[in-house]
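Each residue of the sequence shown is one higher than the one before, counting from 1336 in my numbering.
The structure appears right after this line, and notes come after that.
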Amino acid sequence: VAILAGAAPLTKVFATNRQARDLGVETGMTKVQAEAFQGVVWRWRSLSQEASAYAALLDCAWAISPRVEDGPKGAEEDFCDTVVLDLAGCEKLFGSPEKIAHDLKRIASEVGLEANVAVAGNPLAAGCAAQGFLGVTVVPAGDERLQMGRLSLEGLGIPFEFVETLRRWGVGTCKEFAALPEIAIVERLGQEGLRWWRLAQGANAHPLIAKDFPSNFEEHMDLESPVDLLEPLLFVLNRLLEQLFARLRMHILSIGEIKVTLTLERKDSRRKDPVYHVRTLRLPVPARDGKLLLKLLRLDLEAHPPSAPVAAVSMLTTPARAPSQQLGLFLPLSPDPERLEITLARIQNTVGEGRVGAPVLLDTHGPDSFQRNRFVLPEMREIRAGGEKHATAVMRIYRPPLSATLELREGRPTFLSCEGIRRQILAFAGPWKRKGDWWSETAWAREEWDIEIRTLRPKVRAELSGNGENETALYRVYK
């Protein structure tokens, strides 16, 4: 496999694997030169996928130590493929340095990375040893110079111009470079050459600068050809979800919110700005099941399909700690949060977005002062036997309000007509005049009466009550 980078006609080979190098393909070749080799698979460089792979490599290191640093890097256009972590204090948790190195290699393989691991007394020596030696390498304390001497100058990461100068001097390995006198190095190569000379000796006092743990986890995939059907798109989403959950499991985290960004194919070739289709899912309970999220994404994309074929997919997740609840022996089982979320998503697809949720009272005296929030399962609490129970009076509110006609005699309400039924008013109280929010655009004012009425058409109620007697009820009406 060979990776191509750069725009035509300056496309060159950026990286190769061992099989491609055995065939004769070298980095820096032009595309025309490299196409002369048979049996080589060509792929284009993807900066976003390189960033995702490096983020997964950082997660592997954070699974062992909280102090993780970016490893040595070559030129600015090169990607960073090395991380350095501090093992101080980790022996009590994970065992010897050699065991930790094998654990790191195993963890990296679980996320699809083939890693070389090295343990040394300083960060730069460990990073160079990992880049220069295959498998697991443990450098005993004090033997850094001996191990570093086995590396080539390129394996040490020395810039190309320094390597050319040293080769003209007859120096080809780190061992030969470390044997040169320090004063001669400073006179001819300056302070930069002195730094590489000290690294070749394995004596570098570079302090480890730890990175901050990320607040979000992201995966990205560029598609070889645009996808306009849902099923192939779900296949890509499932793969990205598997990669995200593999990384989150290292830190015992779940997904609390997920943002899917679909980069759409541009219909107008003159337009350079990319077109995105963004969907966000906020889960009431952190999810640890990829099949659940895939079902939710399917329902969401069926309700909000992209307007053009998809050329790239990106997933950004906000991690959360999964809630742990211990159920009691006599507590009723609460609804399964995962099944409940799928049910709510299906209901929302039927009734419309923003019409499903839990009612929450607002801090106001206005009528219908509530709003719909995301439905979240309440915490389970132990039910204790209380004292005497008293009935609670409740009032039924019609939404939307029913239109009613009030008949007045000498300023007193006597009859109420609603939905074709005329009712006699037996008693009333009011009116009470209320108003509020007069300082804003949502000002309101209303008059309310509490009335006791008798239905004059008993057959309407007979079906519910089982008898044909007149019934009385208490109502509140307003205008």
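For every residue, glycine included, the Cβ atom is placed at its ideal position computed from N, Cα and C.
Straight-line gap, residue i to residue j (C-alpha atoms, nearest Å)
| i | j | result |
| --- | --- | --- |
| T1678 | G1771 | 38 Å |
| V1506 | F1512 | 6 Å |
| E1717 | K1602 | The predicted position of E1717 is uncertain, since its pLDDT is 49 and thus under 50; a value taken from the coordinates is nonetheless stated next. Between E1717 and K1602, the C-alpha separation is close to 59 Å. |
| H1639 | L1565 | 11 Å |
| T1596 | L1529 | 48 Å |
| T1365 | V1375 | 14 Å |
| Q1706 | G1692 | 9 Å |
| W1531 | I1493 | 7 Å |
| L1809 | L1618 | 42 Å |
| G1689 | R1614 | 14 Å |
| A1476 | T1598 | 50 Å |
| S1348 | P1641 | Checking the sequence shown, residue 1348 turns out to be Val, not Ser. Rounded to the nearest angstrom, the two C-alpha atoms are 35 Å apart. |
| G1470 | V1452 | 6 Å |
| A1443 | V1360 | 28 Å |
| Q1373 | N1352 | 15 Å |
| A1343 | H1612 | 29 Å |
| L1651 | I1587 | 18 Å |
| G1456 | I1520 | 24 Å |
| G1341 | L1515 | 39 Å |
| Q1368 | V1620 | 55 Å |
| C1753 | I1732 | 15 Å |
| D1301 | G1490 | Residue 1301 lies beyond the range of the chain shown here (1336 to 1814); nothing can be said about it. |
7 Å CB neighbourhood of residue i in its chain, flanking five on each side removed
| i | result |
| --- | --- |
| G1350 | A small correction: the amino acid at residue 1350 is Ala; Gly does not occupy that position in the sequence shown. For A1350, where only same-chain residues beyond five positions count, the Cβ hits under 7 Å are I1338 and T1362. |
| V1473 | P1432, E1433, A1436 and V1454 |
| W1377 | A1337 and L1339 |
| T1417 | G1406, P1407, G1462, A1465 and Q1466 |
| A1646 | L1558, P1561, T1598, L1599 and E1600 |
| K1814 | R1781 and E1782 |
| A1460 | V1474, E1479, M1483, G1537 and N1539 |
Residues near residue i by beta carbon distance below 8 Å, same chain, minus five either side
| i | result |
| --- | --- |
| L1422 | I1399, S1400, P1432, I1435 and V1454 |
| Q1384 | H1555, M1556 and D1557 |
| N1684 | L1634, E1637 and A1638 |
| L1697 | S1704, F1705 and Q1706 |
| V1648 | H1555, M1556, L1558, L1568, V1571, L1572, L1575, V1595, T1596, L1597 and T1598 |
| E1426 | P1432 and I1435 |
| L1501 | L1488, I1493, G1507 and F1512 |
Reduced DSSP secondary structure (H/G/I, E/B, other) of residue i
| i | result |
| --- | --- |
| H1437 | helix |
| D1635 | helix |
| T1362 | coil |
| G1430 | coil |
| N1573 | helix |
| G1765 | strand |
| Q1706 | strand |
| K1630 | helix |
| P1621 | strand |
| E1592 | strand |
| G1771 | strand |
| K1510 | helix |
| L1515 | coil |
| A1693 | strand |
| V1474 | coil |
| T1346 | coil |
| T1615 | strand |
| R1747 | strand |
| L1565 | helix |
| I1399 | coil |
Nonlocal neighbours in the same chain, by C-beta distance under 6 Å from residue i, ignoring five residues either side
| i | result |
| --- | --- |
| Q1536 | R1480 and A1513 |
| L1850 | Any property of residue 1850 remains undetermined from this structure, which presents the chain solely from 1336 to 1814. |
| N1573 | L1629 |
| P1748 | L1741, I1760 and F1763 |
| D1394 | R1582 and M1585 |
Integer-rounded CB distance, given that residue j should sit under 8 Å from residue i
| i | j | result |
| --- | --- | --- |
| A1867 | E1445 | Since the displayed the chain opens at 1336 and closes at 1814, residue 1867 lies outside it and no answer follows. |
| G1430 | V1419 | Going by Cβ atoms, the distance from G1430 to V1419 rounds to 20 Å, so no, they are not a contact pair. |
| V1812 | W1784 | 5 Å |
| L1741 | L1751 | 6 Å |
| S1550 | A1655 | So it is not a contact: roughly 11 Å between Cβ atoms. |
| E1553 | S1387 | 7 Å |
| L1616 | L1627 | Between L1627 and L1616 the Cβ distance is about 10 Å, and since that is not below 8 Å, they are no contact. |
| R1789 | R1757 | That belief does not hold up - the Cβ atoms of R1789 and R1757 are roughly 10 Å apart, past 8 Å. |
In DSSP terms, what residue i is bridged to
| i | result |
| --- | --- |
| D1357 | According to DSSP, D1357 bridges with nothing at all. |
| C1753 | A1739 and I1756 |
| Y1813 | E1783 |
| R1378 | I1338 |
| F1552 | T1652 |
| S1487 | T1508 |
| E1404 | V1419 |
| V1452 | V1471 |
| A1647 | D1557 and T1598 |
| V1318 | The structure shown does not extend to residue 1318, since the chain is modelled only from 1336 through 1814, so no value can be given for it. |
CB contact below 8 Å: residue i versus chain D
| i | result |
| --- | --- |
| K1546 | Checking the listed chains, one finds no chain D in this structure; it contains a single protein chain. |
Cβ-heavy atom distance, residue i to the ligand MG, below 7 Å
| i | result |
| --- | --- |
| S1704 | Looking for the ligand MG in the displayed structure turns up nothing, as the structure carries no ligands at all. |
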